[in-house]
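Working notes, structure below.
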Amino acid sequence: MKARCADVLALVALAAAPVPGLTMAGAALAQDVPAAFDTSIEFDADILLSPGATDAANAGPYGEIRLGLTTDRILENTHQIGFAGTLVARRDSGRAGLGQSVGDCPPGIADCFSVGGLAPVGTFSGLTAVSGIAGDDPAIGVETAFVYWRGGYVEVRGGYGPGAAALESEPLPGAFWLMRADAARIDPSGRNLASTTNTLSGHAPKILVQSVRLAGFRAAASFTPDRDVCGATYCRADPVPGVLAAARVRHIAELGLSFDHRFAQAGVRWTAGLGLSHGQASGPDSIFYEDPWALSARIIRSEGPWTAGVSALISNEGVSGAAYRAQSASVSYESGDWLFSLEASGAQSSLVHARSHTLMAAASRFIEPGIIVGAGIEHTDAERAAVQGGVRTGDSSAGTRVFLEAGLRF
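Residue 3 is where the sequence shown starts when you use the working numbering, and the numbers rise one by one after that.
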């Protein structure tokens, strides 16, 4: 569980802590005076059904529950202060965050990576080529829990939440929340390795500064002292004596730049994002690692009911000679309450000698007062490392599956 229990307690403590403005608000309401703090609570729940053969450790059904709290106040000088928190519980296919054991390529086999005689875990992807990584079932953790101040041309945040690189990257279009070709929150196939979201720092506590949007551009910078936090979405592996080497990543600096503008005359909206993150390898296994980094980019075009986008990411995984690459493209069409999408993604990891390709078509419908239902079809093929006769070979697998997804939004 790592720091997960502490994360949950931190969110509960922050949400339940006495806030002078909220205390004053109760008395003010009795005098028909508006509350000092504006508070909202959101509850979302999604379920995914996808029967059929799978390479995943856990069979369905899968699902996710999210509970969010936001409270803010506008001060007399028009500055804004507030708190935002989200608690997530998810039943996935057996991954630890996005990390997982992929194939079999143990140290000692020619062409298999070895650090200090152990199998390395990628500092960005969390992938490794030996068994030893398994996620909680279900996984529960704090996704966000930060206080913020907004005034003038900047917003300053402190606490759990995404880093600057991820914050300035809008998701590509898609019909569903859980099932995606890129950075899927749940992967029932057990084969999809693609994520173009720059998440080197995960949702670990950090300080973040974000500018307002000027002429379509917005910038952000963040610093994460220590990434050693395990949540439902991001959870890096711990070292396993005699089996796995895993560096701790600290002092993560991130930069994010985005562009978002609708050109009224043409009726076209362009969105783009660029993210760079760099950390420092630390801990007992750090002598075998390099400092990890990740670079990501994406661009999205919207016109009328159509939206299309492409994205890409590359990381050195913190291991000399290794690289993780991911690419994604998607297009969506909106018609009334219906949303149709076609998505594709690919990923390659030289660290674990694996690759995957995913193609997905889906359709969802929004039904008042807050229900989303739909279905889709996904095909994923993958190749992973295997050992035969003391030599590394490739093991290919592929599958097509139909899925049903439903969600509630309150």
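Just so it is clear, CB atoms sit at the ideal spot from N, CA and C, and this is done for glycine as well.
* Excluding five sequence neighbours on each side, which residues of the same chain lie with their C-beta closer than 8 Å to the C-beta of Gly79? -> It is Asn, not Gly, that sits at residue 79 in the sequence shown. Excluding residues within five positions, the ones whose Cβ falls inside 8 Å are Gly153.
* Is Ala324 buried or exposed, if buried means 16 or more other CB atoms sit within 10 Å of its CB? -> Looking at its Cβ environment, which holds 16 or more other Cβ atoms inside 10 Å, Ala324 is buried.
* Asked: Can you name the start and end residues of the beta strand (DSSP E) that Leu276 belongs to?
  -> 270-284 is the span of the beta strand (DSSP E), which, as asked, contains Leu276.
* State the Cα-Cα distance for the pair Leu31 and Ala38, rounded to the nearest angstrom. => Since pLDDT at Leu31 reaches only 38, below the 50 mark, its modelled position is unreliable, and no value is offered.
* Selection from Gln102, Pro140, Gly338 that minimises the alpha carbon distance to Val123 -> Checking every option, the nearest Cα to that of Val123 belongs to Gln102.
* Rounded to whole angstroms, what's the CA-CA distance from Pro175 to Thr360? Just pull it up for me. => Pro175 and Thr360: Cα-Cα distance of roughly 15 Å.
* Asked: When you compare each of Gln390, Glu370, Asp339, Ser366 to Ile379 by their alpha carbons, which one comes out closest?
  -> Residue Ser366 holds the alpha-carbon nearest to the alpha-carbon of Ile379 among Gln390, Glu370, Asp339, Ser366.
* Asked: Taking Ile83 as the reference, which of Phe45, Asp40, Ala58 has the closest Cα?
  -> That would be Asp40, whose Cα lies nearest to the Cα of Ile83.
* Asked: If we ignore side chains and look at the alpha-carbon of each, how far apart do Leu180 and Leu51 end up?
  -> Spanning the two alpha carbons is a distance of roughly 11 Å.
* Rounded distance between the beta-carbons of Phe178 and Glu407, thought under 8 Å -> Contact flag correct, Cβ pair sits at about 5 Å.
* Cβ-based burial, Val404 [other Cβ within 10 Å; buried from 16] -> Residue burial is scored here from C-beta neighbours: Val404 has fewer than 16 other C-beta atoms within 10 angstroms and is therefore classed as exposed.
* To do: Let me know if Arg357 comes out buried or exposed under the rule of 16 or more other beta-carbons within 10 Å of its beta-carbon.
  => If you draw a 10 Å sphere on the C-beta of Arg357, you find 16 or more other C-beta atoms in it, and that means buried.
* **Pairwise C-alpha distance: Thr88 and Asp339** => Annotation: Asp339 to Thr88 spans about 27 Å, alpha carbon to alpha carbon.
* Collapsed DSSP secondary structure at Asp40 in the structure displayed -> Residue state, collapsed to three classes: strand.
* Asked: Considering only residues of the same chain and omitting the five flanking positions on each side of Ser288, which have a CB-CB separation below 6 Å?
  -> So the list reads Ala249, once near-sequence residues are dropped.
* Asked: Excluding five sequence neighbours on each side, which residues of the same chain lie with their C-beta closer than 6 Å to the C-beta of Ala296?
  -> Same-chain partners within the cutoff: Phe126, Asn200, Leu202, Ser279, Ser317.
* To do: Using the Cα positions of Gly70 and Gly143, report the straight-line distance between them to the nearest angstrom.
  => If you draw a straight line from the Cα of Gly70 to the Cα of Gly143, it comes to about 12 Å.
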